[in-house]
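Here the structure is laid out as structure tokens; the discussion comes afterwards.
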Amino acid sequence: MSSLASPSSPTDGLPDDVLEEIFLACLPTPTNDCEMNACEAPLLLGRICREWRTVSLSAPRLWTSLRIAEPHPPPITIADLNLRGLADYIPPASHSEKLARMADAVKAWLGRSGQCPLSLTFESEPLFDGSGASATSPLLDTLLLFASRWQRVSIKAPISVLAQLLLLEAADVPMLREAEVVAKSRGDTFAWNSLKFLHCASLRSFGAFGVGDRYRDLPMPLWDHLFDLRMTGMMPSHALSWVLARYAQLRSFQVVLGGGRGPPDVPPTIVCEHLESLDIQFQARLTLQSTVQIEFARLSLPKLRRLKVHSGGWEVEDDIDYGPIFAAAPAVTSLDVNVGLFTASSFPQFLRGLPPTIEELRINGAPPHSFQKRSKIFDDEALAVLIPSSYESGSQVGCPNLQVFQADASFSDEMLLAFVGSRMASRVPLARVAVCLRDESGDERVDIRELEEVRTFIEAGLLLEVSYYRPEWVDFC
1 MSSLASPSSP
11 TDGLPDDVLE
21 EIFLACLPTP
31 TNDCEMNACE
41 APLLLGRICR
51 EWRTVSLSAP
61 RLWTSLRIAE
71 PHPPPITIAD
81 LNLRGLADYI
91 PPASHSEKLA
101 RMADAVKAWL
111 GRSGQCPLSL
121 TFESEPLFDG
131 SGASATSPLL
141 DTLLLFASRW
151 QRVSIKAPIS
161 VLAQLLLLEA
171 ADVPMLREAE
181 VVAKSRGDTF
191 AWNSLKFLHC
201 ASLRSFGAFG
211 VGDRYRDLPM
221 PLWDHLFDLR
231 MTGMMPSHAL
241 SWVLARYAQL
251 RSFQVVLGGG
261 RGPPDVPPTI
271 VCEHLESLDI
281 QFQARLTLQS
291 TVQIEFARLS
301 LPKLRRLKVH
311 SGGWEVEDDI
321 DYGPIFAAAP
331 AVTSLDVNVG
341 LFTASSFPQF
351 LRGLPPTIEE
361 LRINGAPPHS
371 FQKRSKIFDD
381 EALAVLIPSS
391 YESGSQVGCP
401 NLQVFQADAS
411 FSDEMLLAFV
421 GSRMASRVPL
431 ARVAVCLRDE
441 SGDERVDIRE
451 LEEVRTFIEA
461 GLLLEVSYYR
471 PEWVDFC
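Residue numbers (UniProt numbering): 1 to 477.
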């Protein structure tokens, strides 16, 4: 009879608390919330056997994360338009029933989480293009029932749905530490200054997407204790100084700038003693010029370590002096830029002017199918700026403390070898190099990592990644 017994599993006999820890390791990463998918944890864990189902359903920590994407109603038919017209369209009853069932499932899921803090993502789209306001969401109504345990929440929805958040008070979200609100607008503006729940004292991180020129309307009390702020929506260059002048306690600031300048109501000098990370994306050339030359000239960022500056898919036409940026932030250690910010003549000069504190340098080029053609500017001549052996005796090499180098470029394999070799022999050797090289020939390339001298560097600890791409330009005449 013993031979007929079912084979044992490696988890047989494990205490429930140990099994629960194993189940927790099966969940998505902390930045990704769980989905209601029967083929993924935690739902999948309850389908293996009775014991696993019992343990999973009784473990509150398995049910503290949830991502909800509100389903679209069926497509509008010609008959619907003829009967009611676009503005008066009402989704069919079957869609409302589906949302009601989903709301019940959400309530059951979160009900299993006990009293644990929750991490939630909610996404809703407008019902249809060109329509009036979307209906309110029963799914968001369900999430509001658990607001007292929100710790991290991301809500991306039309303005009519976001209006449901106006019911929340600061006292309703005592655990909230991170919030993100994305206003999917069709031209209307959202009442940002009416989000009273953002006044809660526990909030440390906030993202407001779709703010635009309404950035001044955000609830003022939240800034007193906020460390991380993310704002998008074509704000004027003036918004950078305006925010940093008032909220100098920020550690991290991410912003998209694209409008004109605002009223000059900021002091001539702004000292941000705590800012460590700054991420700026520019949507217009004029905004870039005014931000660099005017806004950065009034900033002092002594503790800034991580700086990311990108253009929004366009390229500059004239040389821009980025000196004011590093005059304001002389201690940057990690820099991330893209080639759209430079011309062929200004890029080598930019590399020469980088502060010696730079340890990580990322130069992003145009993607293979982009309209941009500026990737050629990072050629052999530009890379020579970062090669010690190419300098005259006694001169200073660019970025002497460089350890991580990542680039989309068009320099040659030979120049890359010279760069790696000289840097590995320097006082501060490279730790990681990842390059994607432009290849217009289409010929088979030799893997330089197989070269004996390069293998020596890899054995010494260098992480080297080299890939090639052939541009495929789309040109509309």
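Beta carbons: idealized from backbone N, C-alpha and C, even for Gly.
{"Query": "Expressed to the nearest angstrom, what Euclidean distance is found between the alpha-carbon atoms of residue 430 and residue 346?", "Result": "26 Å"}
{"Query": "Taking just the CA atoms, how far does residue 379 sit from residue 369?", "Result": "Confidence at residue 369 is low in this model, with a pLDDT of 45, below 50, so the placement of that residue should be treated as unreliable; the coordinate-derived value is given next. In a straight line, the C-alpha of residue 369 is about 20 Å away from that of residue 379."}
{"Query": "Grouping DSSP H, G and I as helix and E and B as strand, with all else coil, what is residue 99?", "Result": "helix"}
{"Query": "Excluding the five sequence neighbours on either side, which residues of its own chain have a C-beta within less than 7 Å of the C-beta of residue 382, listed in chain order?", "Result": "347, 348, 351"}
{"Query": "Decide yes or no for the touch test of the stretch 164–184 against the stretch 31–45: beta carbon pairs closer than 8 Å, at least 3 of them.", "Result": "no"}
{"Query": "In whole angstroms, what separates the C-alpha of residue 421 from that of residue 362?", "Result": "19 Å"}
{"Query": "Which runs of the alpha helix (DSSP H) at least 4 residues long sit entirely within the stretch 11–72? Give them in chain order.", "Result": "16–25, 50–57"}
{"Query": "For the alpha helix (DSSP H) that residue 238 lies in, which residues bound it at each end?", "Result": "238–246"}
{"Query": "Would you mind listing the beta strand (DSSP E) stretches within the stretch 253–302 that are 3+ residues and don't spill past its ends, in chain order?", "Result": "277–282"}
{"Query": "Taking the beta carbon of residue 70 as the centre, do at least 16 other beta carbons fall within 10 Å, making it buried, or is it exposed?", "Result": "buried"}
{"Query": "Anyone know if the C-beta pair for residue 288 and residue 325 falls short of 8 Å?", "Result": "no"}
{"Query": "What is the C-beta distance between residue 438 and residue 412, in whole angstroms, given that I count them as a contact (C-beta under 8 Å)?", "Result": "That pair is no contact at about 10 Å."}
{"Query": "Give every residue of the same chain whose Cβ lies closer than 7 Å to the Cβ of residue 329, excluding the five residues on either side of it in the sequence, and list them in chain order.", "Result": "301, 304, 307"}
{"Query": "With respect to the beta strand (DSSP E) encompassing residue 467, which residues constitute its N-terminal and C-terminal limits?", "Result": "463–469"}
{"Query": "Using three-state DSSP, classify residue 140 as helix, strand or coil.", "Result": "helix"}
{"Query": "Using a Cβ distance threshold of 8 Å, determine whether the stretch 176–184 contacts the stretch 105–115, with at least three qualifying pairs required.", "Result": "no"}
{"Query": "Quick one: using the 10 Å Cβ neighbour count with 16 as the cut-off for buried, is residue 22 buried or exposed?", "Result": "exposed"}
{"Query": "State the DSSP-derived secondary structure class of residue 151, mapped to helix, strand or coil.", "Result": "strand"}
{"Query": "Going along the chain, which unbroken runs of the beta strand (DSSP E) with 3 or more residues stay wholly within the stretch 314–357?", "Result": "334–338"}
{"Query": "Under 8 Å by Cβ, that's how I've got residue 160 and residue 121 pegged, so tell me the actual separation to the nearest angstrom.", "Result": "No, residue 160 and residue 121 are not in contact; Cβ-Cβ is about 19 Å, not under 8 Å."}
{"Query": "Quick check: the Cα distance between residue 238 and residue 206, rounded to an integer number of angstroms?", "Result": "20 Å"}
{"Query": "Considering residue 183, what are the terminal residues of the beta strand (DSSP E) in which it resides?", "Result": "178–184"}
{"Query": "Verify whether the separation of the beta carbon atoms of residue 449 and residue 466 is less than 8 Å.", "Result": "yes"}
{"Query": "Considering only C-alpha positions, which residue in the set 271, 317, 150 is nearest to residue 247?", "Result": "271"}
{"Query": "Where does the unbroken beta strand (DSSP E) through residue 423 begin, and where does it stop?", "Result": "Careful: residue 423 lies outside any beta strand (DSSP E), inside the alpha helix (DSSP H) at 413–424."}
{"Query": "Would the beta-carbon of residue 191 be found less than 7 Å away from any heavy atom of the ligand ATP?", "Result": "With respect to the ligand ATP, the structure offers nothing, as it holds no ligand at all."}
{"Query": "Relative to the C-alpha of residue 277, which residue among 293, 116, 227 is closest?", "Result": "227"}
{"Query": "Would you kindly work out how many angstroms separate the C-alpha atoms of residue 280 and residue 216, rounded to a whole number?", "Result": "18 Å"}
{"Query": "Could you check if residue 460 is buried or exposed, using at least 16 other CB atoms within 10 Å of its CB as the buried criterion?", "Result": "exposed"}
{"Query": "Please work out which residues of its chain come closer than 7 Å, Cβ to Cβ, to residue 405, disregarding the five sequence neighbours upstream and downstream, and give them in chain order.", "Result": "361, 430, 433"}
{"Query": "Roughly how many whole angstroms lie between the Cα atoms of residue 231 and residue 49?", "Result": "47 Å"}
{"Query": "To the nearest angstrom, how far is it from the Cα of residue 482 to the Cα of residue 424?", "Result": "With the chain covering only 1 through 477, there is no way to say anything about residue 482."}
{"Query": "Just to confirm, are residue 150 and residue 113 a CB contact at a threshold of 8 Å?", "Result": "no"}
{"Query": "According to DSSP, what are the bridge partners of residue 310?", "Result": "281"}
{"Query": "Give the single residue among 195, 178, 218 whose Cα lies nearest to the Cα of residue 204.", "Result": "178"}
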